[in-house]
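A.B. asks:
In this note's numbering, the protein residues as written are 15 to 282.
1) Might you give, ordered along the chain, the residues of its own chain that have their beta carbon closer than 7 Å to the beta carbon of residue 252, omitting 5 neighbours on each side?
2) Between the C-alpha atoms of residue 207 and residue 168, what's the straight-line distance to the nearest angstrom?
3) Just reading off the beta strand (DSSP E) that residue 172 is part of, what are its end residues?
4) Determine, using beta carbons only, whether residue 205 and residue 180 come nearer to each other than 8 Å.
5) Start and end of the alpha helix (DSSP H) containing residue 256?
6) Using 8 Å for Cβ pairs, my map puts residue 239 next to residue 220. What's the rounded Cβ distance?
7) Under the three-state reduction of DSSP, which class applies to residue 144: helix, strand or coil?
8) If you measure between the beta carbons of residue 141 and residue 166, is that distance less than 8 Å?
9) Report the rounded CA-to-CA distance for residue 136 versus residue 145, giving the unit in angstroms.
10) Just the Cα atoms here: how many angstroms apart are residue 222 and residue 213?
11) Have a look at the DSSP bridge pairing and note the partners of residue 218.
12) Provide the residue span of the alpha helix (DSSP H) that contains residue 162, from first to last.
See the structure below:
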């Protein structure tokens, strides 16, 4: 007898097909939220079924299969009335894009509908209109940027968010890869490039590499520099990474000029 997966309460047994949502059951249902109400008409339910079926066929098609027919252009809309039905309501535009963009099938419809609603421009505008500006001095006081966000909706709580730093980024990568530095990929490589290539950040001067010494000495200093770098917001670390790339391009430009073999990598 196939047993449920003990890791997830209420989950289907391992290997069981994912649950599917019947399109007929969606017809007539009303979606209520801060951006207004939307009713899933039978026509919209049928149109979403058609899109989900096409997405599933595209995801499971064997290699070198003929391409699925494209969605008719505007002048051919009469040939696809179900597509027209979706396009009448901008709420479904985002949903349509997500489904055509690679959702595996009908069982992803509920998540797609939720994300299309939560990630709407109108909802974001309403939420951000209620926010206090981010205090640029909050990082000095707390070591990170913070902002209280009142979520929009009945009885929704206030949520206080904090900015992520390099240590957070490393911790996330560590948990995703098992913790080996070599497996952290571009995140570790790029952060190490910043640690090696930055002399100071404002008044924070990083340890100097020894002019003489062993490779072990240089690795020790690099680790110290990395520890200093990682306390900064990770957006700032990426900004320093990009600027260091531009700095390297300017070095190539100074050494070889615009007609050098490195022209494509020179500063534009």
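Glycine residues also receive a C-beta, built at the ideal position from the N, C-alpha and C atoms.
Every value quoted in this text rests on a predicted model; they were computed, and no experiment measured them.
C.D. replies: If we stick to the structure as given:
1) none
2) 47 Å
3) 172-176
4) yes
5) 248-270
6) 5 Å
7) coil
8) yes
9) 15 Å
10) 8 Å
11) 215
12) Unbroken run through residue 162 is the beta strand (DSSP E), 160-164; no alpha helix (DSSP H).
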